[in-house]
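Each remark here refers to the structure printed beneath this line.
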């Protein structure tokens with residue numbers, strides 16, 4: 003299949019063990035789903051804390067939530083939690 007543990011760890015966002023890797027591969031094989039969809043079911047959403055300009059730090063760069071959606075390794079399956087300051091009157 004060609005997917006190695008480094009790629010699966012990148013998709014999950016943390017180093018995964020051999021048993022977890024087997025579970026992901028087995029589910030992908032059994033269901034025929036995209037590997038990113040299978041990983042997204044198990045991965046925690048990315049937490050973004052926005053600054054006053056609506057940007058947050060991702061991989062050493064300040065980006066918008068829309069840019070994250072284009073860049074995240076899970077593609078359209080990725081989930082993000084956006085935290086921003088409440089505006090006061």
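Residue numbers (my numbering): 3 to 91. Ideal Cβ placement from N, Cα and C applies to all residues, glycine included. All of these numbers come straight from a predicted model, not from anything done at the bench.
Member of the options whose CA lies at the smallest distance from the CA of residue i
i, options, result
"residue 81", "47, 17, 58, 30", "47"
"residue 53", "66, 8, 10, 18", "66"
"residue 51", "69, 75, 85", "85"
Contact set for residue i: own chain, Cβ-Cβ below 6 Å, skip 5 residues either direction
i, result
"residue 20", "none"
"residue 14", "41, 45"
"residue 75", "12, 13"
Per-residue burial, residue i [other beta carbons within 10 Å of its own, 16 or more giving buried]
i, result
"residue 32", "exposed"
"residue 16", "exposed"
Beta bridge counterpart(s) of residue i as assigned by DSSP
i, result
"residue 79", "Per DSSP, none; premise fails for residue 79."
"residue 49", "83"
Spatial neighbours of residue i in its chain, beta-carbon cut-off 8 Å, leaving aside the 5 residues before and after
i, result
"residue 29", "35, 40"
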